[in-house]
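Enquirer: These protein sequence lines map, in sequence, to chains A and B. Note that my numbering has the first sequence beginning at 560, numbered continuously upward. Note that my numbering has the second sequence beginning at 965, numbered continuously upward. C-beta atoms are modelled at their ideal positions from N, C-alpha and C, and glycine is treated no differently. Take a look at this one; I'll ask things after.
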Amino acid sequence: MAKSSSCACGESLNTLIYDPELCINCGLCSSVCPHGVFTEGDGKAVLSKYEECMECGACQINCPVGAIHVESGVGCAAAMIRAALLRRNEVTCGDAACCGPIK
Amino acid sequence: MQTALKSKPEIIPTTSRLTGRDKWDHFLARCRYRRMSHIVSPGLYSLGSPGPESQIFVSANYTLSFDALRSSLEGIDCYILVLNTYGINVWCAAGKGTFGTEEVIERIELTELKNLVKNKVLILPQLGAPGVCSQEVERRTGFKVEFGPVRARDIKHYLTNGKATPEMRKVNFDIKDRAILIPVELIGLAPYILVLSILFYFISGFWSALAIAAIGISGAVFFPLLLPFLPTKDFTSKGLVLGVVTSIPFAYQSIAWSDEILTYNAISAIAWILLISPWVAYIALNFTGSTTFTSRTGVRREIFRYIPILAVIFISGLILSVLLGIGSYLGWF
Ligand code: SF4
Ligand code: SF4
């Protein structure tokens, strides 16, 4: 299971972890994030909207110093429900079934 | 058959004009008609008459993605490097990794881009970023990766300002984006609605058949349209609210238009609500896959939190209906 605490009370909304110690302020995370989770700061990127993160992974794959960790995956409900019911490992949808029409 | 997928290092001319045929193709793509067939050949395209210093844009080989890009580049001489994403849009392909670092690098090599241009900057759509590590592309090909705006229509702004505004960097999900999903949702549900409503018409009559249709239309049409106006935060509970609203006419008719006695009517009204609302919620939960908003953690949480609740609601509805049947047979009412 996910690293996040699985306790029912915990508002562990997502799996995003940011280590500002490592940040070299390249600005990439704030330009790749589609939800404005990171914004540019003075010496370091600022994690300003943690709760908006939808775990796309763009920041992690582009951060040059590995300051960001997130368990990325597409939240395709149909595939995940199937996986949960059949007790299989989760897969992303095999084709464009759920996300075909988005540009 | 042409061997389109084996792209030779040739430059394919294209235009920024969308023809009637392109628009028809977009319509079919949005209806998910032969959904894997809306494909452009991967390779290098030229728009206008680009030279060695011209800009290079990168796109997916899904017609909607490619056409959105080229139609936003009117009057600009440039190259478009089309990746092979197997006819899948940028965002989903990036999530799967087909709009990815390896494919960018390979496509640069296959098209011999290096020999063609002096400009060493590629402009990728921002929504491709989950699949592409910009440093790795630069390290292995010498091409620098820049992420352009989320929406192709902002590209000209981006080019003139040399930078995307925070607004251009954010996805949104406005009424138009949501309305566009309706045909897909409806077509996906249509066979179930059709078969089940015919089946239920013969099993339990007109109102049950109508209820099936109402569930489908509520989930596929009203849910996406009303999404921001429904109270509560997550998709499933929003769907449950809409489901209760959907079931009210059915509950009402069982009280108002029936001459049986009160207890029976009241119970059957409740049964209608319990039977209908969880299905609308279930369709709503599935809708999460169509958005760029829900994280895996979020969807997983919704699944584990709500599926049992929905099941309990529906099963209670079933039990009530069975009791009503037995009850009226035994003369309880
Ligand atoms: S994973 Fe995606 S949504 Fe979350 S912070 Fe990174 S770029 Fe933004
Ligand atoms: S991508 Fe990494 S190094 Fe660059 S600003 Fe963001 S956290 Fe800092």
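What did DSSP end up calling residue 1052/B once you bin it into helix, strand or coil?
Expert: Here the question's residue 1052/B lines up with position 88 in the second sequence. Correct three-state label for residue 1052/B: coil.
Enquirer: At a cut-off of 7 Å, is residue 597/A close to ligand 4 when judged by its beta-carbon and the heavy atoms of the ligand?
Expert: Ligand 4 is not part of the structure shown, which contains ligand 1 and ligand 2 as its ligands.
Enquirer: Is it right to say residue 997/B is buried, meaning 16 or more other beta carbons lie within 10 angstroms of its own, or is it exposed?
Expert: Counting from one through the second sequence, the residue named residue 997/B turns up at place 33. Counting Cβ neighbours within 10 Å, residue 997/B comes out exposed, since fewer than 16 surround it.
Enquirer: Is residue 1114/B close to chain E, meaning its C-beta is less than 8 Å from at least one C-beta of that chain?
Expert: The displayed structure is made up of protein chains A and B, and chain E is not among them.
Enquirer: So, using beta-carbon positions, are residue 1179/B and residue 1087/B closer together than 8 Å?
Expert: Here residue 1179/B is taken as the residue at index 215 of the second sequence, counted from 1. Here residue 1087/B is taken as the residue at index 123 of the second sequence, counted from 1. Not closer than 8 Å, so no.
Enquirer: What's the gap between the Cα of residue 1089/B and the Cα of residue 578/A?
Expert: Position 125 of the second sequence, counting from 1, holds the residue named residue 1089/B. Position 19 of the first sequence, counting from 1, holds the residue named residue 578/A. In a straight line, the C-alpha of residue 1089/B is about 27 Å away from that of residue 578/A.
Enquirer: When you measure from the CB of residue 610/A to every non-hydrogen atom of ligand 1, does any distance come out below 7 Å?
Expert: Here residue 610/A refers to the residue found at position 51 when the first sequence is read from its first residue. It does not: the Cβ of residue 610/A is nowhere closer than 7 Å to a heavy atom of ligand 1.
Enquirer: Mind pulling the alpha helix (DSSP H) runs of 4 or more residues that sit fully within the region 1164 to 1238 of chain B?
Expert: If we require 4 residues or more, the alpha helix (DSSP H) runs fully inside the region 1164 to 1238 of chain B come out as 1170 to 1181, 1187 to 1190, 1199 to 1220.
Enquirer: Which parts of the region 1098 to 1139 of chain B are runs of the alpha helix (DSSP H), unbroken and 4 residues or longer, counting only runs that do not cross its ends?
Expert: Listed in chain order, the complete alpha helix (DSSP H) runs (minimum 4 residues) inside the region 1098 to 1139 of chain B are 1098 to 1105, 1119 to 1125.
Enquirer: Taking only beta-carbon positions, decide if residue 623/A is within less than 8 Å of chain B.
Expert: Reading the first sequence from its first residue, position 64 is the one you call residue 623/A. Output row for residue 623/A: interface = yes.
Enquirer: Looking at residue 616/A and ligand 1, is the gap between the Cβ and the nearest heavy atom below 7 Å?
Expert: Here residue 616/A is taken as the residue at index 57 of the first sequence, counted from 1. Yes.
Enquirer: Between the alpha carbons of residue 1148/B and residue 1249/B, how many angstroms are there, rounded?
Expert: Mapped onto the second sequence, residue 1148/B falls at position 184. Mapped onto the second sequence, residue 1249/B falls at position 285. Straight-line Cα distance between these residues: approximately 16 Å.
Enquirer: Taking the continuous alpha helix (DSSP H) assigned at residue 1274/B, which residues delimit it?
Expert: On the second sequence, residue 1274/B is found 310 positions in, with the first residue counted as 1. That run of the alpha helix (DSSP H) goes 1260 to 1294.
Enquirer: Return helix, strand or coil for residue 1156/B, following the three-state DSSP convention.
Expert: By one-based count along the second sequence, residue 1156/B stands at place 192. It is helical.
Enquirer: So residue 591/A contacts chain B; which residues on that side make the cut at Cβ distance below 7 Å?
Expert: In the first sequence, residue 591/A corresponds to position 32, counting from 1. Those are 1090, 1093, 1111, listed as they occur along chain B.
Enquirer: Would you tell me roughly how many angstroms separate the C-alpha atoms of residue 1104/B and residue 1063/B, rounded to the nearest one?
Expert: As a position in the second sequence, residue 1104/B is number 140, starting the count at 1. As a position in the second sequence, residue 1063/B is number 99, starting the count at 1. So the two alpha carbons sit approximately 17 Å from each other.
Enquirer: Just reading off the alpha helix (DSSP H) that residue 588/A is part of, what are its end residues?
Expert: The residue you call residue 588/A lines up with position 29 of the first sequence. First-last of the alpha helix (DSSP H) with residue 588/A: 587 to 591.
Enquirer: Check residue 1065/B in the structure and name its three-state DSSP category.
Expert: Sequence index remark: in the second sequence, residue 1065/B carries index 101 (1-based). Residue state, collapsed to three classes: helix.
Enquirer: Would the beta-carbon of residue 629/A be found less than 7 Å away from any heavy atom of ligand 1?
Expert: To locate residue 629/A, count along the first sequence from 1; it is residue 70. Result yes, Cβ under 7 Å from ligand 1.
Enquirer: Run through the DSSP bridge pairs and tell me what residue 977/B is partnered with.
Expert: Mapped onto the second sequence, residue 977/B falls at position 13. The partner list for residue 977/B (beta bridge, DSSP) reads 1010/B.
Enquirer: Report yes if the C-beta of residue 1203/B is less than 7 Å from at least one heavy atom of ligand 2; otherwise report no.
Expert: Counting from 1 along the second sequence, the entry for residue 1203/B is found at position 239. Flag unset: Cβ of residue 1203/B not near ligand 2.
Enquirer: To the nearest angstrom, report how far apart residue 1112/B and residue 1097/B are at their CA atoms.
Expert: Counting from 1 along the second sequence, the entry for residue 1112/B is found at position 148. Counting from 1 along the second sequence, the entry for residue 1097/B is found at position 133. The straight-line gap from Cα to Cα measures roughly 15 Å.
Enquirer: In chain order, what residues of the same chain have a beta carbon less than 8 Å from the beta carbon of residue 605/A, not counting five sequence neighbours either side?
Expert: Against the first sequence, residue 605/A aligns to sequence position 46. For residue 605/A, where only same-chain residues beyond five positions count, the Cβ hits under 8 Å are 597, 598, 599.
Enquirer: On the criterion of 16 or more Cβ atoms from any shown chain inside 10 Å, does residue 1067/B qualify as buried, or is it exposed?
Expert: The residue you call residue 1067/B lines up with position 103 of the second sequence. Under this definition residue 1067/B is a buried residue.
Enquirer: Exposed or buried, residue 1136/B, counting other C-beta atoms within 10 Å across all chains shown (16 or more means buried)?
Expert: Within the second sequence, the letter at position 172 stands for residue 1136/B. With fewer than 16 Cβ atoms within 10 Å of its Cβ, residue 1136/B is classed as exposed.
Enquirer: Report the residue from 1085/B, 1039/B, 1061/B, 1038/B whose alpha carbon sits nearest the alpha carbon of residue 1045/B.
Expert: Reading the second sequence from its first residue, position 81 is the one you call residue 1045/B. The shortest Cα separation from residue 1045/B among 1085/B, 1039/B, 1061/B, 1038/B belongs to 1085/B.
Enquirer: Residue 591/A and residue 617/A - do their beta-carbons sit closer together than 8 Å?
Expert: Reading the first sequence from its first residue, position 58 is the one you call residue 617/A. Reading the first sequence from its first residue, position 32 is the one you call residue 591/A. Closer than 8 Å, so yes.
Enquirer: Report the rounded CA-to-CA distance for residue 1316/B versus residue 1189/B, giving the unit in angstroms.
Expert: Residue 1316/B is absent from the model: chain B starts at 965 and stops at 1297.
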